[in-house]
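Since the structure comes first, as structure tokens, the remarks are kept for the end.
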Amino acid sequence: MKTTLFFYSGTGNALWTAEKIAVRLESADIDALARRREKVVRPPSPGVGLIFPVHIWGVPPPVLNFIDRLEVAPDQYLFAVAVHAGQVAATLVRLQKHLRARGLFLSSGFSLNLPSNYIPWGGADPPDAQQRKFAAALGKIEAVAGAVRRRECLPVEKGPFWQNGILSLFYRLTLPRVAKMDKSFFADAACSSCGICEKICPARNVRMIDGRPVWQRRCEQCFACLQWCPEEAIQYGRGTRGRKRYHHPEITLARMLAWAPSGKGGGRAGEKA
Ligand code: SF4
Ligand code: SF4
Numbered sequence: 198m199k200t201t202l203f204f205y206s207g208t209g210n211a212l213w214t215a216e217k218i219a220v221r222l223e224s225a226d227i228d229a230l231a232r233r234r235e236k237v238v239r240p241p242s243p244g245v246g247l248i249f250p251v252h253i254w255g256v257p258p259p260v261l262n263f264i265d266r267l268e269v270a271p272d273q274y275l276f277a278v279a280v281h282a283g284q285v286a287a288t289l290v291r292l293q294k295h296l297r298a299r300g301l302f303l304s305s306g307f308s309l310n311l312p313s314n315y316i317p318w319g320g321a322d323p324p325d326a327q328q329r330k331f332a333a334a335l336g337k338i339e340a341v342a343g344a345v346r347r348r349e350c351l352p353v354e355k356g357p358f359w360q361n362g363i364l365s366l367f368y369r370l371t372l373p374r375v376a377k378m379d380k381s382f383f384a385d386a387a388c389s390s391c392g393i394c395e396k397i398c399p400a401r402n403v404r405m406i407d408g409r410p411v412w413q414r415r416c417e418q419c420f421a422c423l424q425w426c427p428e429e430a431i432q433y434g435r436g437t438r439g440r441k442r443y444h445h446p447e448i449t450l451a452r453m454l455a456w457a458p459s460g461k462g463g464g465r466a467g468e469k470a
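If you use our numbering, the sequence shown corresponds to residues 198 to 470, in order.
Spelled out as structure tokens, the structure:
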């Protein structure tokens, strides 16, 4: 039974997850939800997956926007995977409520722990720590794919009580301010005017003006621009200079650009599990 996996990814964790799940299903396509601009999205497949990172302990606004345009029939199987760096909080509970408000039923919601890309709180984990997380994540992905193949309906996964209360409140208070949080981005003297930050931004929020990136105040805080800059020229406030950048080591820049709004798409993941 065919499944379409819609992913949202800034630094490759969610794309990697979508690819790994895809090759474990009988038949699956992946698609970047940031590229789907139509007013109504009607996935033709019997199975539909949403794979996205947890942003500020909640569902990223572009995922909510995508859901508002998504039409899934009652007999289609809808599941989600929330990728996070240790705290899923009530992300999947909120997703479930948002879907329910649209009359959609979330069959299962899984949490997946992968390395953080939130550089304001620190640089990338050491490679061995990253590899431990990837190895554990692959075990979980195997279980997720099995549940999806069997079309299981499971309770959504969530964090402990304190996460769900405090962090969810922080999410709700911060959400309206996310678009303008790009005020802290700037490119330093190392910028080579390559334009990658403009191309890779899923929100088309970076414009090259006179050879320099200019942020447009509709940011989604995915950190793709900063993390993929080949010169490490993009900073966020005063704390990111010299901090180790992160993107998923198996995801290339070319693959990310193929899935970017101006890219050609990537089709089905070609690798084997
Ligand atoms: S990706 Fe980096 S080097 Fe390239 S234009 Fe943007 S800031 Fe400059
Ligand atoms: S400006 Fe940077 S952080 Fe904001 S949405 Fe674009 S790539 Fe992501």
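Just so you know, even glycine gets a beta-carbon here, dropped at the ideal spot from N, CA and C. Small disclaimer: the values here were computed from a predicted structure and weren't measured.
Original post:
In whole angstroms, what separates the C-alpha of Val280 from that of Leu311?
Top reply: 7 Å
Original post:
How many angstroms separate the CA atom of Ala340 from the CA atom of Ser389?
Top reply: 44 Å
Subject >> Ala470 (DSSP reduced to helix, strand or coil) >> reply: Low confidence applies here, because Ala470 scores a pLDDT of 32, under 50, leaving its location unreliable; read the following figure in that light. In this structure, Ala470 counts as coil in the three-state DSSP scheme.
Original post:
Among the residues of its own chain, which have a CB less than 6 Å from the CB of Gln293, if the five just before and after it don't count?
Top reply: Leu303, Val353
**OP:** Sort out for me which residues DSSP pairs Trp412 with in a bridge.
**Re:** Val403
Original post:
Is the number of C-beta pairs between the region 260-270 and the region 321-331 that are closer than 8 Å three or more?
Top reply: no
**OP:** Return the chain-ordered list of same chain residues with a C-beta closer than 6 Å to the C-beta of Ser206, the five sequence neighbours on each side being excluded.
**Re:** Leu212
Original post:
CA-CA distance, Tyr440 and Ala334?
Top reply: In the sequence as presented, Tyr is not what sits at residue 440; that position holds Arg. Those two C-alpha atoms are separated by around 25 Å.
Original post:
In terms of alpha-carbon separation, which member of Cys391, Ile406, Gly408, Trp412 lies closest to Pro399?
Top reply: Trp412
Original post:
What three-state label does DSSP hand Asp325 in the structure shown?
Top reply: helix
Subject >> Straight-line gap, Phe420 to Lys461 (C-alpha atoms, nearest Å) >> reply: 22 Å
Subject >> Whole runs of the beta strand (DSSP E) within the region 289-358, excluding any shorter than 3 residues >> reply: 305-310
Subject >> Neighbour-count burial assignment, Ala453, 16 or more Cβ in a 10 Å radius >> reply: Note on residue identity: the sequence assigns Met, not Ala, to residue 453. So Met453 ends up on the buried side.
**OP:** Count the other C-beta atoms from every protein chain shown that fall within 10 angstroms of the C-beta of Leu202, then say buried if there are 16 or more, exposed otherwise.
**Re:** buried
**OP:** Kindly indicate which residue of Leu261, Gly434, Cys394 has the alpha-carbon position closest to the one of Ala451.
**Re:** Cys394
**OP:** Using three-state DSSP, classify Thr437 as helix, strand or coil.
**Re:** coil
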